[in-house]
Amino acid sequence: MKFFLITDNTDAATGMRLAGIENTLITNEAECKEALEKAVQDEHIGIILITQGAYEKYAPIIDEMKKTITMPLITEIPDNGASFKSDAITRYVIEAIGIG
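My numbering applies: residue 9 is where the sequence shown begins, and numbers increase by one.
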């Protein structure tokens, strides 16, 4: 099972690549949707990481994908220098089980 990063941040892409995590750099909604669809189809990817900045820009696309798939897990991670909301994991669990 592999991790895969979708980001709009070149520093995050470089850092994750150095850590051995494949990634794709996106600049618009179409690229975000294409990257998500490609990652979801790869049976070796178990977790899709999305940086906070990319999530904030493309939340409707990402949230729709979260609703339609069970694997891989799609989760948000902090960007360089960004303050990360501590409720992100809680929000994800609430959305996943359908209470929100």
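Heads up, the beta-carbon is just placed ideally off N, CA and C, and yes, glycines get one too.
Same chain, Cβ closer than 7 Å to residue i, neighbours up to 5 away in sequence not counted
i	result
THR35	ASP16
Residue i and residue j closer than 7 Å at C-beta
i	j	result
THR59	ASP87	yes
TYR63	ILE70	yes
ILE82	LYS75	no
Other residues of its chain near residue i: CB distance less than 6 Å, five sequence neighbours each side excluded
i	result
MET24	LEU13, ASN31
ILE29	PHE11, LEU13
Beta-carbon contacts of residue i that lie in its chain and below 8 Å, excluding the five residues immediately before and after
i	result
ALA38	none
Residue burial classification, residue i (beta-carbon count within 10 angstroms, cutoff 16)
i	result
PRO68	exposed
ALA27	exposed
Closest by C-alpha distance to residue i, when choosing among the options
i	options	result
GLY61	GLU84, THR22, HIS52, PHE11	GLU84
LYS10	ASP50, THR78, LYS65, GLU45	ASP50
Cross-strand partners of residue i (DSSP beta bridge)
i	result
ILE56	PHE12, ILE82
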